[in-house]
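>
In my numbering, the protein residues as written are 7 to 164.
(1) In angstroms with no decimal places, state the Cα-to-Cα distance between residue 15 and residue 142.
(2) Assuming residue 20 and residue 68 are in contact, meaning their beta carbons sit under 8 Å apart, how far apart are those beta carbons, in whole angstroms?
(3) Counting only the same chain and skipping the five closest in sequence on each side, list residues whose C-beta sits under 6 Å from that of residue 80.
(4) Please name the residue in 24, 60 and 108 whose C-alpha comes closest to that of residue 17.
(5) Note down the Cα distance separating residue 39 from residue 22, rounded to an integer number of angstroms.
(6) Can you give me the Cβ contacts of residue 108 inside the same chain, cut-off strictly under 7 Å, excluding the 5 residues immediately before and after it?
(7) By DSSP, does residue 10 sit in helix, in strand, or in coil?
(8) Short of 7 Å in beta carbon distance, which residues of its chain neighbour residue 90, apart from the five on each side in sequence? Order them along the chain.
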């Protein structure tokens, strides 16, 4: 279709609880801006290039959020059903723990949260990969984001 371009949540809705919709929308708007500059008077080329560039530069952030959302939904369902919470991604768990001890790793986590970099790109950085590797074989702290009913009662009564 020519003469029309969907941007941000009009293209693919993101989970508002993650707060990434604005970041994805701004990234998408930049992609459109750059392509309009080159292809304004070539509508078919603009539409084709926009689709390809969206898949290349914007869709990976959307897909990354979908993976995180599915993991969170599985966690919530397990908590509601009283079953064992599925284990979190071990690399991401180590990344988050390392971020509490190292400012450079923390900045990488912020880049992921703000859609500046994808998780796999941050994790592949030599310094950050080394910091993650320091947690190999270590017992990670308990996941503080998982609060079941018993833990909630304990927190509220203490």
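Backbone N, C-alpha and C define an ideal beta-carbon position, used for all residues, glycine too.
The relevant details are as follows:
(1) When rounded, the distance between both Cα atoms is 38 Å.
(2) Indeed they touch by this definition, with Cβ atoms about 6 Å apart.
(3) Excluding positions up to five away in sequence, the list reads 92.
(4) Residue 60 is the option with its Cα nearest to residue 17.
(5) In a straight line, the C-alpha of residue 39 is about 25 Å away from that of residue 22.
(6) Same-chain partners within the cutoff: 137.
(7) In the structure shown, residue 10 sits in coil (DSSP, three-state: anything other than H, G, I, E or B).
(8) For residue 90, where only same-chain residues beyond five positions count, the Cβ hits under 7 Å are 84.
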